[in-house]
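What follows is one structure encoded as structure tokens, with my remarks underneath.
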Amino acid sequence: MKRTWWKESVVYQIYPRSFKDTSGNGVGDIPGIVDKLDYIKSLGVDVIWLCPVYESPNDDNGYDISDYRKISEDFGGQSAFDSLLEQTHQRGLKLVMDLVANHTSDEHFWFRESKKSRDNPYRDYYIWHEGKNGGPPNNWMSFFSGSAWEYDTATEQYYLHYFTKKQPDLNWENPEVRREIFDVIEFWFKKGVDGFRMDVISLISKPETFQDTSYVKFQDTIVNQYANGPKIHDYLHEMNSEVLSKYDIMTVGEGPGINLKNAPLYVDEKRGELHMVFHFDHMYIDCGEGGKYDPQPFGLPKFKKVFSDWDNALKNKGWGSIFLGNHDFSRMLSRFGNDGKYHEVSAKLLATLLLTLRGTVYLYQGDEIGMTNVAYPGIAYYNDVETLNAWKEKEEKGNDMQGFLKVVHAQSRDNARSPMQWDSSKNAGFSTGDPWLAVNPNHGSINVAEQEKKENSILNYYREMITFRKENPVLVYGDYECMQEEHPQLFVYRRWDSESEFLILHNMGDGPEEFITDLREEQFELRKTNLLENLKRPFHLGPWQTKILKKSSS
Ligand code: ISL
């Protein structure tokens with residue numbers, strides 16, 4: 006396996022609106038990130054991934070870009086970004102940006118031109134269609150509720166938008182569109198940016214025909230109709246040969262519909278497309294027939310199988326991405342851990358899980374202190390367009406809205422977007438003004454300042470675990486094998502190479518558990534655990550206990 010810096014990196018994801026505000030307007034900004042660079046460095050991470058900071062009307066918090074070459078003034082503008090890039094590099098860290106190239110904002114110059122007339126030179130930058138029987142061209146739905154088509158009265162055609170109607174989809178069939186996007190990528194590489202996370206890259210190649218979908222579940226439409234279109238690999242290959250391959254950068258493609266079968270096509274090193282992808286197999290594991298707003302309990306065996314299958318799929322072709330949360334999902338601790346009685350210990354277990362799997366590790370802001378979901382008392386507190394649109398739709402259909410508020414508590418993307426909890430002061434040290442999204446009331450006890458003071462805090466455990474991973478490259482590159490995958494409470498696996506072997510045990514349950522095996526306990530030496538008292542034998546685990554055992558060479 007070829008060794009590279011981006012395979013060994015731990016990436017820290019920042020959602021800038023929620024990270025740190027220095028202007029007092031309640032919105033996080035780039036100078037806020039600069040202020041916290043020493044903190045980020047102290048975690049031991051290597052790369053910062055910034056969610057979009059470009060000019061945007063913020064219909065989807067920056068995922069609707071109106072100028073790809075301009076940094077939003079709300080975030081501090083270009084000079085703030087230049088200083089961030091310089092100071093990031095000075096600390097030996099790298100900076101990766103978000104490339105949102107499936108769609109632009111409807112306020113982007115290209116779209117404003119495109120909708121002027123049917124013969125405008127930019128018309129073909131987007132996907133325009135005639136309606137059918139007095140309605141949209143087909144029955145496609147948007148990710149954020151309602152039709153994926155919007156009618157334009159001036160030119161009497163519909164345009165396609167997989168996301169909000171303020172996010173029209175670009176037409177990648179058009180070589181000029183591809184050229185424009187490649188130029189944007191090059192523009193940022195020339196400034197010194199170290200790579201891109203590519204938003205919904207699996208959606209850029211549209212289906213050959215615009216037929217109705219016959220799938221009942223939206224997720225099935227995404228996978229079978231929207232994602233992995235016929236030209237996706239031509240486009241990515243072209244992007245790679247035109248720009249990506251000329252720079253020492255990293256790329257990670259985000260992709261609904263990316264699955265075990267097609268992922269190697271994106272990341273196989275021989276094909277020259279992307280370095281890594283994000284798949285969502287574990288992130289939708291608790292969604293029922295009704296999708297995201299139909300949360301269901303899930304079993305640990307299913308969760309473990311996702312990691313086994315993906316490690317297996319990519320072990321000889323490409324490279325994986327390991328993440329348990331980001332700005333689009335609820336907090337990893339509230340989903341996969343126990344954010345109540347076992348808050349601290351289960352947060353540390355998840356840290357160990359993240360940092361002992363094969364692949365590049367992505368850590369989302371706030372997870373390093375065990376931030377949890379937030380349950381705002383009413384819909385008025387929510388900001389996310391996905392949540393608000395879903396709310397409206399359910400209300401129109403006459404749903405029980407008190408019941409749906411509970412679902413929102415569990416599933417809203419705002420769970421991950423509540424401001425970073427720096428200290429216990431009124432606004433959690435995030436801002437001196439009114440935060441754009443309310444802080445989680447638990448910031449009094451869960452915050453960075455508190456955990457800096459405590460030697461055994463979650464925060465310090467993350468620091469130790471990141472160091473531990475760096476000291477043991479077998480945790481990055483070594484082989485992976487899950488043991489007793491059917492066990493309902495233990496997640497146990499081996500990581501090994503020609504020199505060393507680790508056995509890693511996680512008890513993901515509220516009661517004690519023992520790993521029953523033919524392996525001899527005396528062969529293993531405890532190297533790390535998340536509980537201070539470790540009086541029991543190596544294969545015995547307390548609730549939410551995790552153990553990293555090293556196999557002795559004899
Ligand atoms: O957020 C999701 C489910 O709650 C996903 O379906 C998500 O919309 C999808 O993975 C694409 O996400 C990305 O593109 C969106 C943007 O809203 C997300 O924040 C971004 O990560 C549109 O640009």
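Residues 6 to 559, numbered by this note's numbering, are exactly what the sequence shown covers, in order. We put the beta carbon where it would ideally sit given N, CA and C, even for glycine.
| Item | Value |
| --- | --- |
| Any idea what DSSP makes of Gly-408, helix, strand or coil? | helix |
| What do you reckon, are the CB atoms on Asn-461 and Asp-428 nearer than 8 Å? | no |
| Note down, in chain order, each residue of its chain lying with its Cβ closer than 8 Å to the Cβ of Leu-537, except the 5 sequence neighbours on either side. | Asn-461 |
| Using 10 angstroms around the beta-carbon of Ile-463, count the other beta-carbons present and answer buried if the total reaches 16, otherwise exposed. | buried |
| DSSP state of Met-337, grouped into three classes? | helix |
| Have a look at Pro-235, Tyr-220, Gly-345 and flag the residue whose alpha-carbon is nearest the alpha-carbon of Tyr-447. | Residue 447 is actually Asn in this sequence, not Tyr. That would be Gly-345, whose Cα lies nearest to the Cα of Asn-447. |
| What span of residues does the alpha helix (DSSP H) with His-242 cover, start to end? | 237 to 247 |
| Output the boundary residues of the alpha helix (DSSP H) element that contains Lys-552. | Lys-552 -> not in any alpha helix (DSSP H); beta strand (DSSP E) instead, spanning 551 to 556. |
| Taking only runs that begin and end inside the stretch 47 to 111, name each unbroken beta strand (DSSP E) of 3 or more residues, in chain order. | 52 to 55, 72 to 76, 99 to 104 |
| If you draw a straight line from the C-alpha of Ile-509 to the C-alpha of Val-497, how long is it? | 6 Å |
| To the nearest angstrom, how far is it from the Cα of Gly-82 to the Cα of Lys-120? | 28 Å |
| Between the Cα of Gly-293 and those of Lys-353, Phe-223, Ser-339, Phe-328, spot the shortest distance and give me the residue it belongs to. | Phe-223 |
| Between which residues of its own chain and Ser-150 is the CB-CB distance below 6 Å, once the five residues before and five after are set aside? | Asn-394, Ala-395, Glu-398 |
| I need the straight-line Cα distance from Asp-291 to Ala-268, nearest angstrom please. | 22 Å |
| Who pairs with Val-257 in a beta bridge, going by DSSP? | Arg-202, Met-281 |
| Looking only at C-alpha atoms, which of Gly-33, Phe-148, Leu-305, Gly-514 sits nearest to Asn-432? | Gly-33 |
| Once you ignore the five residues that flank Glu-518 on each side, which residues in its own chain have a CB closer than 7 Å to its CB? | Gln-494, Leu-495, Asn-512, Leu-546 |
| So does the stretch 8 to 17 actually touch the stretch 411 to 428, counting three or more Cβ pairs closer than 8 Å? | no |
| Less than 7 Å between the CB of Val-58 and some heavy atom of ligand 1, yes or no? | no |
| Taking 8 Å as the cut-off, decide whether the C-beta atoms of Phe-215 and Asn-143 are in contact. | yes |
| Leaving out the 5 sequence neighbours to the left and right, which residues in its chain are closer than 7 Å to Phe-80 when beta-carbon positions are compared? | Pro-21, Asp-34, Ile-35, Val-58 |
| How many angstroms separate the CA atom of Leu-531 from the CA atom of Leu-354? | 15 Å |
| Spatial neighbours of Leu-265 within its chain, please: C-beta separation below 6 Å, excluding the five flanking residues on both sides. | Asp-314, Ala-318 |
| Once you ignore the five residues that flank Val-282 on each side, which residues in its own chain have a CB closer than 7 Å to its CB? | Val-257, Gly-258, Gly-260, Ile-263, Ala-268, Tyr-271, Val-272, Ser-326 |
| Can you tell me whether Ser-450 is buried or exposed, with buried defined as 16 or more other CB within 10 angstroms of its CB? | exposed |
| Answer yes or no: the CB of Glu-527 versus the heavy atoms of ligand 3, is any distance below 7 Å? | With respect to ligand 3, the structure offers nothing, as its ligand set consists of ligand 1. |
| Give me, in chain order, the residues of the same chain whose beta-carbon lies closer than 6 Å to that of Asp-199; leave out the 5 immediate sequence neighbours on both sides. | Lys-99, Leu-100, Val-101, Ile-254 |
| What does the alpha-carbon distance come out to for the pair Thr-365 and Val-15? | 6 Å |
| Is there at least one non-hydrogen atom of ligand 1 closer than 7 Å to the beta-carbon of Lys-211? | no |
| Secondary structure at Arg-532, three-state DSSP: helix, strand or coil? | strand |
| Where do the ends of the beta strand (DSSP E) carrying Asn-267 lie? | From DSSP, Asn-267 is part of no beta strand (DSSP E); its letter is neither H nor E. |
| If the criterion is Cβ atoms closer than 8 Å, does the pair Ser-110 and Lys-196 meet it? | no |
| Ser-147: buried (16+ other C-beta within 10 angstroms of its C-beta) or exposed? | buried |
| I'd like to know whether the C-beta atoms of Asp-43 and Val-390 end up nearer to each other than 8 Å. | no |
| Round the Cβ separation of Phe-328 and Tyr-367 to the nearest angstrom and send it over; I've been treating them as touching at under 8 Å. | 4 Å |
| Can you give, in chain order, each stretch of the beta strand (DSSP E) that sits fully within the stretch 431 to 493 and has at least 3 residues? | 484 to 488 |
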